[in-house]
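Colleague: Handing you this structure, nothing more for now.
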Amino acid sequence: MYVEQSVTNGYESTGQKRIMKKVDSQLTTKIWINSTRSIIIFLMCLSVIYLQSVQCHFVEVQTELGRIRGIRFRTQLNNPAIGFLGIPYALPPIGERRFKKPVSHPKWSPKTLMATSYKSCCPQLDMNGIAHGAEDCLYLNVFVPLHNIDQNQFSMGGKRFPVMVYMQGESFENGDAALYGAEKLLDWDVILVTFNYRLGVLGFFSTGDEHASGNWGLYDQLAVLRWVHEHIESFSGNPSSVTIIGQGAGAASAFLHLVSPMSTGLFHRVIAQSGSPLCSWSMENDPENAAHELAQRLTCPTDLGNLELVRCLRKAPLGRLLSSQQQGKLFGEYPHRMVPVVELNGPFNGRLVPADPKVLIKQGNYRRVPLMMGYNRDEASFLYPLIISKQSIGDSSTLRTYLEEKLLPRFIRANILDRNTLSTSINTNSIRLKSNKNEIERDLANNILYQYFNFMNGKNFTDLASRFVNMSTDALYGSCIDETLRLYSAATSGSGLSQSTSSSKSNLILPFANITYKYLYEYRGRNSMLNLILTGNNHNQPPINHNIQMGMSLDLSQVTNTAVCHGDELFNLFALKFITRKPEDNSDLLVQRLMLSLWTDFAKHGFAPLTAGTEIPYWPAYTNSRPTTFIIGSRISTVDRYRDASTHFWTRYLPSIVSNTASASIIDHHPHSETMDNGWSIGSSGRNNGGHYYDRTSVARLRTFAWSMLALSTIFLILIVVLVALLFYQRRKQTFSAESRQRARQTSARALARALATSVHQQQQQQHHHRHRTQPSSSSSPMTSNTSGLY
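Take full-length UniProt numbering: the last position of the sequence shown gets the number 791, and nothing is skipped along the way.
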């Protein structure tokens, strides 16, 4: 019984264990299911939260090309805004599309374009000569303010913002749209469009004929302007209020679009900062020569015709193209050969640059738009590192020999000879005659030395460097910009483009259509492009004083603390990326606010505001009768005829010198020729159509005349001094004589008075003695006693 009971208990224990295991298994399964369900619910919640955050972080807009997703960000004043980054406006210019006009990008619908990050810049070399960028680079960026419109459906709102299309500069060889942040401009209720366009050899290679007409980068810009005209309304932009703003090469490009028949009606105002197509670095006069030089460096054939040359360059490796572009530089980065050219093939209306820009401006065969133009006080201060480099100085023993034998000749060859600075004054073929070219170079150097380096301190390297920067600023920027303003203002207010190049609607003259403004930026803030050049993008590293081989030193602090370099004004307009910036102080912010106000008001209305603040003076328009410059600096002011003499020197005097020297050579080589190719007459009078005549010995004559005038002035001054001395002596003599006579009269009067007094006294004594003798001594009376008592 005991055994049975034990067996029974064993069976019961085993069953219970099985039941418990089953219960535990079911419980574990239930717990696992519940946990999994909780995790799934938690993940779903996270997904919803993430999707909501994504929905808040991104904004989509519907365009004719398809939907585009952009990314939200905050402006400088913490206002909401959205950026659409990396929108393709043309197909990649690769393969057979290299050295051809851009092809518009097709639609991408029904897909959504993710425009949330910048795309690659176009191929270029950095400051260290390293290639970067990709040929697939034709993208644009659109930045839209959101604080004054419906943030959820902003593209459907009724408000339309003025549009500013920024064309970057950097000498047609460098540039990246990602550098220019919109955080500052968007606080002023404008839309900003930035973009990349082809640069250097890829953007401006030309053979001067139909095989490679050139200006590919300009046609990229034209494609962007057309894209903005067609699609900017989807981004709350106003296609009837588009302003091109360009800096450096971008300013020259903007003005080329202004006078181009192909860009008509695509924009309504132009702001050109530090550049013009009349500047020496902005146009190439002999593209075929430049193309053949490039081909020889790449071992491409030049004797089989330009078609084979272009085919060879289309297949050339990108790195070799860029490195070959840098060869042949004579003075730092100069000359720039891969730049815009005049297109000679095709109908006039089908060429973006159909003629010399100077001729186009004079003819006035374009639609007028309001223009703001200017430059910085020390544009060429970026040349300081080149001027002071030991490689440039070489074995020069003195500052004078360095200037006259190396520095100035290199500058002239790179920026004046064979460039368009003097192209209106000389036959291009004649200037390439070697003997004549040397003589022209010598004449130019002598005149420049006399104009800018007279009385230079031969022991002060800083003096030489500052004078050279001053000269270079006038030559490369100031004179050509002033000449552009003068010609544009002088253009008669006709009907704009002719009927052959524009519709009748485009011929209408708008209010303020011819209004022109000039500015000079001379404010030196805490941030400067020159600091980036000298310190390598490291503001914490102070500039080091360079020891010069000639036993002298250059204190760079005198430069970095005062110079207003090329591009310095951009710190006020853009939140510049990828560079080290110092915090802005109150003065920086005040100047920044002023510039943003002036620039955006011009973009909105086409004219400068009557006042940008109660303390700001009125900015009058620029006219040839009153060429007013608005000076933006620590003190805001206006001045008329700013540096007119320097502009005259570069645009009138030097061309006359060159024209005369070239004329003599042309007559020597072509004795029967009577006119130059450009129409400048060569007669016995030696005068051209628009300037003064200076013969080949003008420099010597000028110096002789100056010394003669100095001698005559000295003699005249001596004569005046002698005459004044004689007059003073004569007057002094007359005064002395008068005083002598007066003293004599006074002495005579005193003597007469003494004599008279003596005579009276003597008479009284005589009367006394006489009375004494006539009266008895014993008979005295009171009267006698009293009378005698008087004496």
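We put the beta carbon where it would ideally sit given N, CA and C, even for glycine. Since this is a predicted model, take the numbers as computed values, not measurements.
(1) Measuring only the C-alpha atoms, how far is residue 583 from residue 530?
(2) Identify every residue that forms a DSSP beta bridge with residue 269.
(3) Of the choices 456, 315, 605 and 325, whose alpha-carbon is the least far from that of residue 404?
(4) Flag this pair as yes or no: are the beta carbons of residue 223 and residue 102 separated by less than 8 Å?
(5) Nearest CA to the CA of residue 337: which residue from 189, 162, 514 and 327?
(6) Count the other CB atoms within 10 Å of the CB of residue 57; is the residue buried (16 or more) or exposed (fewer)?
(7) Contact check, residue 258 vs residue 340 under 8 Å by CB: the rounded distance?
(8) Touching or not, the region 562 to 575 and the region 369 to 388, by the rule of three or more beta carbon pairs under 8 Å?
(9) Under the three-state reduction of DSSP, which class applies to residue 583: helix, strand or coil?
(10) Thinking residue 342 and residue 355 are a contact (beta carbons under 8 Å), I'd like their distance in whole angstroms, please.
(11) DSSP on residue 525, reduced to helix/strand/coil?
(12) How should residue 84 be labelled, buried or exposed, when 16 other C-beta atoms within 10 angstroms of its C-beta is the threshold for buried?
(13) What residue from 603, 449, 274 and 287 has the CA that sits closest to residue 478's CA?
(14) Counting pairs of beta carbons, one from the region 359 to 374 and one from the region 514 to 527, are three or more of them closer than 8 Å?
(15) What is the rounded straight-line gap between the Cα of residue 220 and the Cα of residue 488?
(16) Going by DSSP, which residues form a beta bridge with residue 132?
(17) Grouping DSSP H, G and I as helix and E and B as strand, with all else coil, what is residue 460?
(18) Return the bridge partner residues of residue 59 from the DSSP annotation.
(19) So does the region 392 to 400 actually touch the region 452 to 466, counting three or more Cβ pairs closer than 8 Å?
(20) Got a sec, what are the start and stop residues for the beta strand (DSSP E) residue 375 sits in?
(21) Ordered along the chain, which non-local residues of its own chain (more than five positions away) have a Cβ less than 8 Å from that of residue 322?
(22) State whether the region 191 to 199 contacts the region 132 to 147, with contact taken as three or more CB pairs (one from each stretch) at a distance under 8 Å.
(23) Report yes if the C-beta distance between residue 575 and residue 305 is below 8 Å; otherwise report no.
(24) For residue 51, name the three-state secondary structure that DSSP assigns.
(25) I'd like the list of long-range same chain contacts for residue 281, defined as Cβ closer than 6 Å, with 5 residues on each side in sequence excluded.
(26) By Cβ distance, which residues of its chain are closer than 6 Å to residue 208, with the 5 residues on each side in sequence left out?
(27) Report back the beta-carbon spacing between residue 139 and residue 89 to the nearest angstrom; my notes put them in contact at under 8 Å.
(28) From 624, 625 and 629, pick the residue whose C-alpha is nearest to that of residue 608; which is it?
(29) Taking the DSSP output, what are the residues bridged to residue 490?
(30) According to DSSP, is residue 453 part of a helix, a strand, or is it coil?
(31) For the ligand GTP, is there any heavy atom lying closer than 7 Å to the beta carbon of residue 234?
(32) Note down the Cα distance separating residue 594 from residue 622, rounded to an integer number of angstroms.
(33) Quick check: residue 229 and residue 266, are their CB atoms within less than 8 Å of each other?
(34) Does residue 269 pass the burial test, meaning 16 or more other C-beta atoms within 10 Å, or should it be called exposed?
(35) Let me check one thing: in DSSP terms, what residues is residue 163 bridge-paired to?
(36) Taking the straight line between their C-alpha atoms, what separation do you get for residue 432 and residue 71?
Modeller: On the basis of the data shown:
(1) Translated into the one-based positions of the sequence shown, residue 583 becomes position 583. Translated into the one-based positions of the sequence shown, residue 530 becomes position 530. Taking the straight line from one Cα to the other gives about 17 Å.
(2) To locate residue 269, count along the sequence shown from 1; it is residue 269. Residue 269 is bridged to 243.
(3) Within the sequence shown, residue 404 is the residue found at index 404, counting from 1. Looking at the Cα atoms, 456 is the closest of the given residues.
(4) Here residue 223 refers to the residue found at position 223 of the sequence shown. Here residue 102 refers to the residue found at position 102 of the sequence shown. Going by C-beta atoms, residue 223 is nearer than 8 Å to residue 102.
(5) Taking the sequence shown and counting its residues from 1, the one referred to as residue 337 is at position 337. Residue 327 is the option with its Cα nearest to residue 337.
(6) Within the sequence shown, residue 57 is the residue found at index 57, counting from 1. Exposed: under 16 other Cβ atoms inside 10 Å.
(7) Within the sequence shown, numbered from 1, the residue matching residue 258 stands at position 258. Within the sequence shown, numbered from 1, the residue matching residue 340 stands at position 340. Not confirmed; about 13 Å, so no contact.
(8) yes
(9) Along the sequence shown, read from residue 1 onward, the residue named residue 583 stands at position 583. Here residue 583 sits in coil by DSSP.
(10) The residue labelled residue 342 in the question sits at position 342 within the sequence shown. The residue labelled residue 355 in the question sits at position 355 within the sequence shown. At roughly 6 Å, the Cβ-Cβ gap stays under 8 Å, so residue 342 and residue 355 are in contact.
(11) By one-based count along the sequence shown, residue 525 stands at place 525. Residue state, collapsed to three classes: coil.
(12) As a first step, residue 84 is located in the sequence shown; it is residue number 84 there, counting from the start. Classification of residue 84: buried, given that the 10 Å Cβ count is 16 or more.
(13) Start at 1 with the first residue of the sequence shown, and residue 478 comes out as number 478. Selected option, being the one with the closest Cα: 274.
(14) yes
(15) As a working note, residue 220 is residue 220 in the sequence shown. As a working note, residue 488 is residue 488 in the sequence shown. The C-alpha of residue 488 is placed about 25 Å away from the C-alpha of residue 220.
(16) Your numbering for residue 132 matches position 132 in the sequence shown. Residue 132 is bridged to 124.
(17) Counted from its first residue, the sequence shown places residue 460 at position 460. Reduced to three states, the DSSP call for residue 460 is coil.
(18) In the sequence shown, residue 59 corresponds to position 59, counting from 1. DSSP, once it has assigned bridges, lists 70 as partnering residue 59.
(19) yes
(20) To locate residue 375, count along the sequence shown from 1; it is residue 375. Counting along the chain, the beta strand (DSSP E) containing residue 375 begins and ends at 371 to 376.
(21) On the sequence shown, position 322 is the one that residue 322 refers to. Taken in chain order, the residues that qualify are 123, 124, 125, 131, 200 and 201.
(22) Judged by Cβ distances under 8 Å, the region 191 to 199 makes contact with the region 132 to 147, as three or more pairs qualify.
(23) Locating residue 575 in the sequence shown gives position 575, counting from the first residue. Locating residue 305 in the sequence shown gives position 305, counting from the first residue. Not closer than 8 Å, so no.
(24) In the sequence shown, residue 51 corresponds to position 51, counting from 1. Here residue 51 scores only 43 on pLDDT, less than 50, and its place in the model is too uncertain to base an answer on.
(25) Looking up residue 281 in the sequence shown gives position 281. Result list for residue 281: 336, in chain order.
(26) Taking the first residue of the sequence shown as 1, we reach residue 208 at position 208. Hits under 6 Å: 287 and 288.
(27) The count along the sequence shown starts at 1 and reaches residue 139 at position 139. The count along the sequence shown starts at 1 and reaches residue 89 at position 89. Sure, about 7 Å apart at Cβ, within 8 Å.
(28) Translated into positions along the sequence shown, residue 608 becomes position 608. Checked all of 624, 625 and 629; the closest Cα to residue 608 is 629.
(29) Counting from one through the sequence shown, the residue named residue 490 turns up at place 490. Partner(s): none; residue 490 has no beta bridge.
(30) Indexing the sequence shown from 1 puts residue 453 at position 453. Coil at residue 453, not helix or strand.
(31) Absence of the ligand GTP from the depicted structure is noted, as is the absence of any ligand whatsoever, leaving it without description.
(32) By one-based count along the sequence shown, residue 594 stands at place 594. By one-based count along the sequence shown, residue 622 stands at place 622. Each residue's Cα considered, the two are about 19 Å apart.
(33) Here residue 229 corresponds to residue number 229 of the sequence shown, with the count starting at 1. Here residue 266 corresponds to residue number 266 of the sequence shown, with the count starting at 1. Yes.
(34) The residue labelled residue 269 in the question sits at position 269 within the sequence shown. The residue in question, residue 269, is buried, as its Cβ has 16 or more Cβ neighbours within 10 Å.
(35) Locating residue 163 in the sequence shown gives position 163, counting from the first residue. Looking at the DSSP assignment, residue 163 forms a beta bridge with 191 and 242.
(36) Indexing the sequence shown from 1 puts residue 432 at position 432. Indexing the sequence shown from 1 puts residue 71 at position 71. Its pLDDT being 46, under 50, residue 432 is placed unreliably by the model, and nothing is read from it.
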